[in-house]
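Colleague: Residue numbers (my numbering), protein chains in the order written: chain A, 4 to 116; chain B, 2 to 114. Beta carbons are placed, not taken as given, at the ideal position from N, Cα and C, and that holds for glycine. The model shown is predicted, which means the values in this text are computed figures rather than measured ones.
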């Protein structure tokens, strides 16, 4: 296994469009996390899954954001009606479980024009 | 309200010398701390962690120290190498929060040959 993968690596979109990102965690990692990082800041937690169940959502995750992990493997993060303020690096991480180290993917850099 | 702070945005060190990166936290519920290294256009890479039952953890050239009474941790890199040049993030988690990570703002380390 080569680690956490994310697709696409880069996305440029126009304001108002919808975008969807995919994350494939390390095999058999049952926890999957989404974070967002803006320039000059550390990553900020968005949401996480235990298998297919979404257990926690940050107040940063507005109604325009939705995340799924339908079969407890890969996850998608969708942003509807994108705004310029959504421009950021979206990071996915996975871990074996509670208290285990989170390993990050390379991120998807979103630019909303 | 920043619960994890890295007060030095940048640090410059000569190759072969010690690099000391500092991190302060305010939430007394945090009991697990990690350091990640990040290169541009990549996701954070896990370096080393420490739980609150310890005050020191070593892994090769990297040592993390935790001072719970001061709510302070530090990462020591000895000897520093040019390849260590990157942005370093400290992160904290509490067992009751699903292990979502709260990150500091990062410190850019430059190791000069």
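Quick check for students: name the residue ranges of the alpha helix (DSSP H) that lie wholly in the region 34–74 of chain A, counting only runs of 4 or more.
Modeller: None, since the region 34–74 of chain A contains no complete alpha helix (DSSP H) of that length.
Colleague: To the nearest angstrom, report how far apart residue 85 (chain B) and residue 64 (chain B) are at their CA atoms.
Modeller: Locating residue 85 (chain B) in the second chain gives position 84, counting from the first residue. Locating residue 64 (chain B) in the second chain gives position 63, counting from the first residue. Near 14 Å, if we compare the C-alpha coordinates of residue 64 (chain B) and residue 85 (chain B).
Colleague: Using a beta-carbon distance below 7 Å, is residue 101 (chain A) in contact with chain B?
Modeller: The residue given as residue 101 (chain A) occupies position 98 in the first chain. Interface residue, yes.
Colleague: Please name the residue, chosen from B:21, B:40 and B:87, that lies closest to residue 116 (chain B) on a Cα-to-Cα basis.
Modeller: The structure shown does not extend to residue 116 (chain B), since chain B is modelled only from 2 to 114, so the question has no answer here.
Colleague: CA-CA distance, residue 23 (chain A) and residue 8 (chain B)?
Modeller: Looking up residue 23 (chain A) in the first chain gives position 20. Looking up residue 8 (chain B) in the second chain gives position 7. Looking at the two C-alpha atoms, the distance is approximately 35 Å.
Colleague: Mind checking if residue 41 (chain B) is an interface residue toward chain A, Cβ cutoff 7 Å exclusive?
Modeller: Numbered from its first residue, the second chain carries residue 41 (chain B) at position 40. Closer than 7 Å: no.
Colleague: I want to verify the contact list: residues of chain A whose CB lies under 7 Å from the CB of residue 63 (chain B), in sequence order.
Modeller: As a first step, residue 63 (chain B) must be located in the second chain, where it is residue number 62. Neighbours of residue 63 (chain B) on chain A: none; closest Cβ ~14 Å, over 7 Å.
Colleague: Can you name the residues that DSSP bridges to residue 87 (chain A)?
Modeller: As a working note, residue 87 (chain A) is residue 84 in the first chain. Its beta-bridge partners do not exist; DSSP assigns none.
Colleague: Counting pairs of beta carbons, one from the region 104–111 of chain A and one from the region 23–37 of chain A, are three or more of them closer than 8 Å?
Modeller: Short answer: they touch.
Colleague: Measure the alpha-carbon distance for residue 104 (chain B) versus residue 55 (chain A) and round it to whole angstroms.
Modeller: Position 103 of the second chain, counted from the first residue, corresponds to residue 104 (chain B). Position 52 of the first chain, counted from the first residue, corresponds to residue 55 (chain A). Distance between the alpha carbons of residue 104 (chain B) and residue 55 (chain A): 25 Å.
Colleague: Taking 7 Å as the cut-off, decide whether the C-beta atoms of residue 45 (chain A) and residue 107 (chain B) are in contact.
Modeller: Here residue 45 (chain A) is taken as the residue at index 42 of the first chain, counted from 1. Here residue 107 (chain B) is taken as the residue at index 106 of the second chain, counted from 1. Yes, they are a contact pair.
Colleague: I want to know whether the region 59–70 of chain A touches the region 82–89 of chain A - three or more CB-CB distances under 8 Å.
Modeller: Yes, they touch.
Colleague: Between which residues of its own chain and residue 11 (chain B) is the CB-CB distance below 6 Å, once the five residues before and five after are set aside?
Modeller: Within the second chain, residue 11 (chain B) is the residue found at index 10, counting from 1. Closer than 6 Å at the Cβ level, and outside the excluded window around residue 11 (chain B), lie 109.
Colleague: Thinking just about the alpha-carbon of each residue, which of A:63, A:91 and A:99 is nearest to the one in residue 14 (chain A)?
Modeller: Here the question's residue 14 (chain A) lines up with position 11 in the first chain. The residue with the shortest Cα to Cα distance from residue 14 (chain A) is A:91.
Colleague: Given that a residue counts as buried once 16 or more other Cβ atoms are within 10 Å of its Cβ, and exposed if not, what is residue 56 (chain B)?
Modeller: Position 55 of the second chain, counting from 1, holds the residue named residue 56 (chain B). Looking at its Cβ environment, which holds fewer than 16 other Cβ atoms inside 10 Å, residue 56 (chain B) is exposed.
Colleague: Can the beta-carbon of residue 61 (chain A) be found closer than 7 Å to that of residue 42 (chain A)?
Modeller: Your numbering for residue 61 (chain A) matches position 58 in the first chain. Your numbering for residue 42 (chain A) matches position 39 in the first chain. The answer is no: Cβ separation not under 7 Å.
Colleague: Could you tell me the distance, in whole angstroms, from the CA atom of residue 52 (chain A) to the CA atom of residue 46 (chain B)?
Modeller: Position 49 of the first chain, counted from the first residue, corresponds to residue 52 (chain A). Position 45 of the second chain, counted from the first residue, corresponds to residue 46 (chain B). The alpha-carbon atoms of residue 52 (chain A) and residue 46 (chain B) are separated by roughly 21 Å.
Colleague: Return the chain-ordered list of same chain residues with a C-beta closer than 7 Å to the C-beta of residue 11 (chain A), the five sequence neighbours on each side being excluded.
Modeller: The count along the first chain starts at 1 and reaches residue 11 (chain A) at position 8. Once the five neighbours on either side are set aside, the close Cβ partners of residue 11 (chain A) are 111.
Colleague: Cβ of residue 44 (chain A) less than 7 Å from any chain B Cβ?
Modeller: Within the first chain, the letter at position 41 stands for residue 44 (chain A). So, interface residue.
Colleague: Using a Cβ-Cβ cut-off of 8 Å (strictly less than) and excluding sequence neighbours within five positions of residue 92 (chain B), which residues of its own chain qualify?
Modeller: Walking along the second chain from the start, residue 92 (chain B) turns up at place 91. So the list reads 5, 34, 35, 36, 37, 102, 103, 104 and 105, once near-sequence residues are dropped.
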